[in-house]
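Report on one structure; see the data block that follows.
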Amino acid sequence: HVAFYGINVYQSPGDIGQYTFEFDGDELFYVDLDKKETVWMLPEFGQLTSFDPQGGLQEIATGKYNLEI
1 HVAFYGINVY QSPGDIGQYT FEFDGDELFY VDLDKKETVW MLPEFGQLTS
51 FDPQGGLQEI ATGKYNLEI
């Protein structure tokens, strides 16, 4: 069994959110919302592939909209 999934967390009140991406239960990267960049847990992964941080930022914005925050 293999799973790919992204996790969105948004805390209210305030403007605090988090976007992480996991593979088979291990965190591969997260998006730094302040710097608007992808942070890889193992830098080698960032040499093999990429993730546009705008994808994570868009997911956070969608979550905020859906929760009417």
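Each residue of the sequence shown is one higher than the last, beginning at 1 in UniProt numbering.
Using N, Cα and C, we set each Cβ at its ideal position, and we do this for glycine too.
- Residue burial is scored here from C-beta neighbours: residue 53 has at least 16 other C-beta atoms within 10 angstroms and is therefore classed as buried.
- For residue 57, the secondary structure class from DSSP, reduced to helix, strand or coil, is helix.
- According to DSSP, residue pairing for residue 45 in a beta bridge does not occur.
- In this structure, residue 21 and residue 51 form a Cβ contact; the two beta carbons are roughly 7 angstroms apart against a cut-off of 8 angstroms.
- For residue 41, the CB contacts under 7 angstroms within the same chain, skipping 5 residues up- and downstream, are 27, 28, 29 in chain order.
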